[in-house]
């Protein structure tokens with residue numbers, strides 16, 4: 004299957020700092036990438052849809068100024084958690100869809116801990 | 251919008267038995283239904299998917315059935331093995347605002363006991 008790379012795997016930061024997470028499709032072009040948040044033992048909650056060359060579409064209740072998404076190329080999307088606070092601590096996971104296929108492939112996720 | 255419900259939340263079976271996980275969806279326009287397996291600390295992996303023009307699809311020990319009229323679909327795992335133990339998520343594709351996205355069920359934690 005297609006490979007989606009996500010970095011970093013773990014981030015520990017102080018409250019008030021910003022954290023950037025990268026999501027790359029390694030062997031395919033992804034016009035659309037998705038960012039999810041997953042709490043322990045819970046499902047994948049869609050945060051936003053990232054589209055190459057245009058603004059991201061955020062789900063209801065997700066602060067766009069808090070979670071900045073940039074999809075500058077067909078293989079890279081970034082999520083920046085701005086002014087992170089302890090309640091932002093979570094597992095963030097990206098996914099990407101091949102522009103020629105409907106299957107969705109996931110990155111390995113990023114565990115964010117805000118102290 | 252789309253709403254996906256998944257049952258049961260936990261499932262415990264003996265090795266060799268079958269396991270069935272069921273999902274229902276609300277948006278009749280949804281036409282693609284994948285299933286993902288997530289092992290502890292790992293990424294979700296696509297294990298099988300089905301489109302709305304098909305009623306059943308099988309891949310070795312795994313099968314998925316779809317009932318469009320009732321808006322429900324199920325995952326069937328036969329001859330379960332300990333390595334099948336994981337959390338399984340169903341999903342339905344929703345079209346919204348010109349984009350399509352996957353809406354996930356709450357997940358089923360499957361435990362296969364030797």
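Protein chains in written order, with my numbering: chain U, 4 to 118; chain X, 251 to 364. All C-beta atoms in this analysis are idealised placements derived from N, C-alpha and C, irrespective of residue type, glycine included.
Notebook entry, point to check: Which residues bound the beta strand (DSSP E) around residue 35 of chain U?
Noted result: 35-41
Next item on the list: Starting from the beta carbon of residue 19 of chain U, find every residue of chain X whose beta carbon is closer than 9 Å, and list them in chain order.
Entry: Ordered by position in chain X, no residue passes the 9 Å Cβ test against residue 19 of chain U, which lies about 28 Å from the chain.
Notebook entry, point to check: CA-CA distance, residue 277 of chain X and residue 305 of chain X?
Noted result: 17 Å
Check: Using the rule of at least 16 other Cβ atoms within 10 Å of the residue's Cβ for burial, across every protein chain shown, is residue 40 of chain U buried or exposed?
Finding: buried
Checklist line | Under 8 Å by beta carbon: chain X residues contacting residue 106 of chain U | finding: 284, 296, 299
Next item on the list: Go through the segment 42-99 of chain U residue by residue and report every complete run of the beta strand (DSSP E) that reaches 3 residues or more, in order.
Entry: 47-54, 70-76, 79-84
Check: Hey, residue 25 of chain U and residue 9 of chain U are a contact pair by Cβ (cut 8 Å); roughly how many whole angstroms apart?
Finding: 7 Å
Checklist line | Candidates U:105, U:110, U:74: closest to residue 386 of chain X by CA position | finding: With chain X running from 251 to 364 in the structure shown, residue 386 of chain X is simply not present.
Note to self: Please list, in chain order, the chain U residues whose beta carbon lies closer than 7 Å to that of residue 261 of chain X.
What the structure shows: Correct list: empty, because the minimum Cβ distance to chain U is about 15 Å.
Check: In three-state terms, what does DSSP make of residue 334 of chain X?
Finding: helix
Next item on the list: Compare the beta carbon distance of residue 270 of chain X and residue 324 of chain X with 8 Å and say whether it is the shorter of the two.
Entry: yes
Notebook entry, point to check: By a C-beta neighbour count over all protein chains shown, 10 Å radius and 16 as the cutoff for buried, is residue 47 of chain U buried or exposed?
Noted result: buried
Notebook entry, point to check: Closest by CA to residue 36 of chain U, which one among U:86, U:118, U:97, U:17?
Noted result: Across the set U:86, U:118, U:97, U:17, the C-alpha of U:97 shows the shortest separation from the C-alpha of residue 36 of chain U.
Notebook entry, point to check: With which residues is residue 15 of chain U paired in a DSSP beta bridge?
Noted result: U:116
Checklist line | Where the beta strand (DSSP E) containing residue 323 of chain X begins and where it ends | finding: Looking at the DSSP string, the run of the beta strand (DSSP E) that includes residue 323 of chain X is 322-327.
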